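Chemist: Following the UniProt record's numbering, the numbering of the sequence shown begins with 1 at its first residue and continues without gaps. A virtual CB, placed ideally from N, CA and C, is assigned to each residue, including glycine. From a predicted model like this one, the values you see are computed outputs, not experimental measurements.
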Amino acid sequence: MLDQSPTKIVYKVAIQSTVGVELSWDSFFRNSAQGQGYQPPPSLGGPGKNEVALTSLLPTLRGGIAGVSTLDDKIIEDHLAVQAIIRSYQARGHLVAKVDPLGIMYQDRSTTITERQGSPPDEVIRQHKLNDTDMERVFKLPSTTFIGGKDSSLPLKEILKRLELSYCRHIGVEFMFINSLEQCNWIRKKLESPGAGQLTNDQKRLILARLTRAAGFEGFLSRKYTSEKRFGLEGCEILIPAMKQVIDKSTELGVESIIMGLAHRGRLNCLANVCRKPLVQIFSQFAGLEAADEGSGDVKYHLGTYIERLNRVTNKNIRLAVCANPSHLECVSSVVQGKTRAEQFYRGDGEGKKENKMYFTDSFADVARVVNAPIFHVNSDDPESVIHVCNIAAEWRATFKKDVVIDIVCYRRNGHNENDEPMFTQPLMYTKIKKTEPILEKYSQQLIADGVVTPAEVQDVKEKYEKICEDAFASARKETHVKHKDWLDSPWSGFFEGKDPLKVGPTGIKEETLVHIGNRFSSPPPNAAEFLIHKGIERILKARMDMINNRVADWAIGEAFAYGSLMKEGIHVRLSGQDVERGTFSHRHHVLHHQTVDKATYNPLCHLYPDQAQYTVCNSSLSEYAVLGFELGYSMTNPNALVIWEAQFGDFSNTAQCIIDQFISSGQAKWVRQSGLVLQLPHGMEGMGPEHSSARPERFLQMCSDDPDYFPPESDDFSVRQLHDCNWIVANLSTPANVFHILRRQIALPFRKPLILMYPKSLLRLPTARSSFDEMVEGTEFKRIIPDDEADPAKVKKVVFCCGKVYYDFKKERDAKNMQNDVALVRLEQSGTCPKEVKKKN
Ligand SMILES: Cc1ncc(C[n+]2csc(CCOP(=O)(O)OP(=O)(O)O)c2C)c(N)n1
């Protein structure tokens, strides 16, 4: 038996032989044996002054080898082998863990070392083998394992057994790629400590009760609605207790709000049993009732929900939201991210302590490896292991504020949907599934056998839930209508209350506000003497200041006026997209960079007023799909914010097409969910190649509304009603004043509507494309049409309707030809909703 610490072992061998011992240790031991302190080892790079070449010492040192006993060598080697074995289990144990409930993936594998008859699997231990004869030998445990609990040494047989139980049973964890030793040790401790994951009888009963609800819900639906698609959870019923456990644990650790993105599978079950959405509302969706409110609705397994309730386990309040999502799997993930980020922002929760997000679908593991997040694969047929992993995951989030993935390996008892026949394509798997006992039955029997519950209790819990379902079913039959609003994932409490639904607030502002914002926006940082800005920026600021002094604004100033005045009114403004801080066309420059101090920046729009709302401007990554989804999610959280996403060039929006089609254009119609998100899409033929010339306004116009000929009834509210009734507003503007008004109008509207703004390029610098302060002061408003002031209506022969920058091209040409009296140029600043109105007025 050997009970020395590793330092002692090295020491022992070091004084006997220097061969194989690192030179600094050799020097340390040699000198300390002689009562001296540490001295540096001889240099390997050739002898220095007063040094003897290392090679010349070797014959003398070798002399010591004669005394090395072979036993000591073996002890050291064996200990190193044990250490390597432990590490192998931690790094590769998951490769053989029995996480597949059907056992198809690992048919040739058994679960424990006993079943493996003592031989550790080759996939795990690749080289450091010990013999059967070593099994009873006791080994000192390294500090990188916690399997010993209070014991610092264990027999090899026991070491292997405990490693198998920790890493190769029903939990397979991938975590050794994480860079932090602290985080690796944290996970090792959670999994390896003797008794880890053991649950009390009460906890086991809670799992059973939750499993009963999960299974009971699907069973009930399958009996009542035999031919309906519901994308049931059968085969993964444990998802419900798992989600509830994550929520319980997270609430206990301080989380107040959880936002979920779910695919179709098990969604209804989650709404019913995790969010506790009233069953009557869920069952009513099966009845195909007419809606009592606006919107087209969507299939039931796409709908979202929002619920605020007391968590009975933790006695704390919790807000749960499931985001509505389209069929397009996973695209809701970025929306959930953005919505969560916004919640964190408004709650001042920079570290994500109070918010949590959960996604449920496949293919997350690879992403997790990239972001250094641990991945827990767990067998869905072992409820207690699943719950153990859920606890670890929730604690991990609370401790390190980092992502974590739980991969519940399960099966699907029915086909893709309940009407599909899976035997067509997966005969062997489904033969096996048919023979596999449902988890509820298995776990009930297990708990009965262990004396945790009685058969009568099991039956009682089942019957009670059945009764709840039956009662709700009876109530649902009495319903005559469904309400789409019951399925909103982001209710804006208070926003609509007491508002005239068709009254737009003023968008013009006081001249002194324009001047104040203009001055700040045109000034260098207050400590300009120390904060060295680029000469080019100095010139830009000076030019801006000249414009302010002349009471005119270019595009960048018009925008800044909108942002600044909204922030003054308490509206948070957020702008994101590639290079938006300076602007793709280098015209915006919201973030000024110190020319000699790295990362020192100054953003004038953040320093307009001491009590202004916050301004966020951030250059984004190059995934339009993800970023646009994120900004949409952000915009859903609070209607009192102007959230803008700007594409580098308008055509780049096509990589985010799914977010545009499935969420932005159709979101309100399907899910009664409003968003005031602004998309700024650079548009115009200006020498950047054919693709970057067009932001494809025709596509956006096509998706404005389902009936292009629909025209609201004549009334004073006509123009607001048009905006209210369309899917989004499309505009191609020609003046800074109009961009100022349209951005402010996003907030002044009594509802929220996405705005698709064709963004100019050459107009950003065109001296004639400037607006006077007179067009932005109080009493002014957005101009949907800008008539031609110069042309005389009595003489005009031709009226040209145009929009955007071509107005300036036409005007230049017309004026050069002196045709002001022949041709009138009318600008349609807001398209889509406009032409009929123009026709009427003319
Ligand atoms: C982006 C996208 N591509 C294709 C589909 C079509 N589709 C619907 S469900 C599904 C399979 C999903 O598999 P999984 O997440 O494992 O869940 P399962 O339905 O098998 O339980 C596919 C490909 C989709 N919904 N979304």
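(1) In terms of alpha-carbon separation, which member of GLU218, GLU256, MET260 and ALA543 lies closest to ASN317?
(2) Return the chain-ordered list of same chain residues with a C-beta closer than 6 Å to the C-beta of SER565, the five sequence neighbours on each side being excluded.
(3) So VAL409 and SER380 are in contact, right, with Cβ under 8 Å, and what is the actual spacing, rounded?
(4) Which residues in the same chain have their Cβ closer than 8 Å to the Cβ of GLY633, if we skip the five residues on either side of it in sequence?
(5) For the putative contact between MET567 and LEU592, defined by C-beta atoms under 8 Å, what is the C-beta separation to the nearest angstrom?
(6) Report yes if the C-beta of ALA626 is less than 7 Å from at least one heavy atom of ligand 1; otherwise report no.
(7) Grab me the residues of GLY650's own chain with a C-beta within less than 6 Å of its C-beta, minus the 5 sequence neighbours each way, in chain order.
(8) Looking at the strands, I want to know which residues DSSP matches up with TYR602.
(9) Going by beta carbon distance, what residues of the same chain come within less than 7 Å of ARG551, once the five residues before and after it are set aside?
(10) Inspect the beta-carbon positions of GLY505 and ALA748 and report whether they are closer than 8 Å.
(11) By DSSP, does GLY558 sit in helix, in strand, or in coil?
(12) Would you check if there are 3 or more beta carbon pairs closer than 8 Å linking the stretch 808-822 to the stretch 716-728?
(13) Just to confirm, does ARG265 get its C-beta within under 7 Å of one of the non-hydrogen atoms of ligand 1?
(14) Assign CYS184 to one of three DSSP states: helix, strand, or coil.
(15) Spatial neighbours of PRO501 within its chain, please: CB distance less than 8 Å, with the 5 preceding and 5 following residues excluded, ordered by chain position.
(16) Pick out whichever of ALA84, GLY195, GLN183 and MET176 has its Cα sitting closest to the Cα of PRO142.
(17) Near GLY652, what residues of its chain come up, given a Cβ to Cβ distance below 6 Å and the 5 sequence neighbours on each side ignored?
(18) In terms of residue numbering, what span does the alpha helix (DSSP H) encompassing GLN680 cover?
(19) Starting from PRO501, trace the alpha helix (DSSP H) in both directions and tell me its first and last residue.
(20) Could you check where the beta strand (DSSP E) with TYR465 kicks off and where it finishes?
(21) Given this structure, state the Cα-to-Cα distance separating ASP72 from HIS79, to the nearest angstrom.
(22) Which of helix, strand or coil does DSSP assign to GLN83?
(23) When DSSP labels each residue in this structure, what does CYS658 get in the three-state scheme?
(24) According to DSSP, is ASP407 part of a helix, a strand, or is it coil?
(25) To the nearest whole angstrom, what separates the beta carbons of TYR411 and GLY172, a pair I think is in contact under 8 Å?
(26) Three-state secondary structure (DSSP) at LYS49?
(27) Does the distance between the C-beta of SER623 and the nearest non-hydrogen atom of ligand 2 fall short of 7 Å?
(28) Look up LYS129 in the DSSP assignment and say whether it is helix, strand or coil.
(29) Where do the N-terminal and C-terminal ends of the alpha helix (DSSP H) with VAL739 fall, by residue?
(30) Leaving aside the five residues before and after ASN201 along the sequence, list all residues of the same chain whose C-beta is less than 7 Å from its C-beta, in chain order.
(31) Alpha carbon to alpha carbon, what distance is there between PHE146 and ARG188?
(32) Rounded to whole angstroms, what is the Cα-Cα separation between PRO374 and LYS190?
(33) With DSSP as the reference, please indicate the residues paired to THR780 in a beta bridge.
(34) The alpha helix (DSSP H) that contains THR212, what's its start and end?
(35) For the stretch 539-559 and the stretch 785-796, state whether three or more C-beta atom pairs, one from each stretch, are separated by less than 8 Å.
(36) Express the C-alpha separation of GLY288 and LEU628 in angstroms, rounding to a whole number.
Modeler: The answer reads as follows:
(1) That would be GLU256, whose Cα lies nearest to the Cα of ASN317.
(2) Shown here for SER565: same chain residues with a beta carbon closer than 6 Å to its own, the five before and five after excluded, namely ILE509 and THR513 in chain order.
(3) So it is a contact: roughly 6 Å between Cβ atoms.
(4) Sequence-distant partners of GLY633 (beyond 5 residues in either direction) whose C-beta falls short of 8 Å from its own C-beta, in its chain, are CYS323, SER334, VAL335, VAL336, GLN337, GLY338, LYS339, THR340, ARG341 and ALA342.
(5) About 18 Å; that fails the 8 Å criterion.
(6) ALA626: no, Cβ never under 7 Å from ligand 1.
(7) Excluding the 5 residues flanking it on each side, GLY650 has same chain C-beta neighbours closer than 6 Å at LEU681, PRO682, HIS683 and ALA695, in chain order.
(8) LEU592, per the DSSP bridge assignment.
(9) If the five residues before and after ARG551 are omitted, its C-beta is found closer than 7 Å to the C-beta atoms of SER772 and PHE773, all from its own chain and listed in chain order.
(10) Result yes, Cβ atoms of GLY505 and ALA748 sit closer than 8 Å.
(11) Looking at GLY558 - three-state DSSP - the assignment turns out to be helix.
(12) Pairwise C-beta distances place the stretch 808-822 out of contact with the stretch 716-728, as fewer than three of them are shorter than 8 Å.
(13) Answer for ARG265: yes, Cβ within range of ligand 1.
(14) DSSP places CYS184 in the helix class (H, G or I) of the three-state scheme.
(15) Residues HIS724, PRO750 and PHE751 of the same chain have their beta carbon placed closer than 8 Å to that of PRO501, with the five preceding and five following residues left out of the count.
(16) Relative to the Cα of PRO142, the nearest Cα in the group ALA84, GLY195, GLN183 and MET176 belongs to ALA84.
(17) Per the sequence shown, residue 652 should be read as Phe rather than Gly. The residues are GLU624.
(18) For GLN680, there is no enclosing alpha helix (DSSP H); the enclosing beta strand (DSSP E) has its first and last residue at 678-682.
(19) That residue, PRO501, is in no alpha helix (DSSP H); it is neither H nor E in DSSP.
(20) Where TYR465 is concerned, there is no enclosing beta strand (DSSP E), although the alpha helix (DSSP H) it sits in stretches over 455-478.
(21) Their backbone Cα atoms lie some 11 Å apart in a straight line.
(22) GLN83 falls in the helix class under three-state DSSP.
(23) DSSP, read as helix, strand or coil, puts CYS658 in helix.
(24) The answer is strand: DSSP assigns ASP407 an E or B state.
(25) Not confirmed; about 17 Å, so no contact.
(26) Residue placement at LYS49 is flagged as unreliable, the pLDDT there being 46, under the threshold of 50; the coordinate-derived value follows with that caveat. Three-state result, LYS49: coil.
(27) For ligand 2, the structure offers nothing, since it holds only ligand 1.
(28) Reduced to three states, the DSSP call for LYS129 is coil.
(29) 736-748 is the span of the alpha helix (DSSP H), which, as asked, contains VAL739.
(30) Around ASN201: VAL452.
(31) C-alpha separation (whole angstroms): 7 Å.
(32) Between PRO374 and LYS190, the C-alpha separation is close to 13 Å.
(33) DSSP lists no partner for THR780.
(34) Unbroken alpha helix (DSSP H) run through THR212: 201-224.
(35) By the Cβ criterion, the stretch 539-559 is not in contact with the stretch 785-796, since fewer than three pairs of Cβ atoms, one from each stretch, lie closer than 8 Å.
(36) In this structure, the CA atom of LEU628 is about 33 Å from the CA atom of GLY288.
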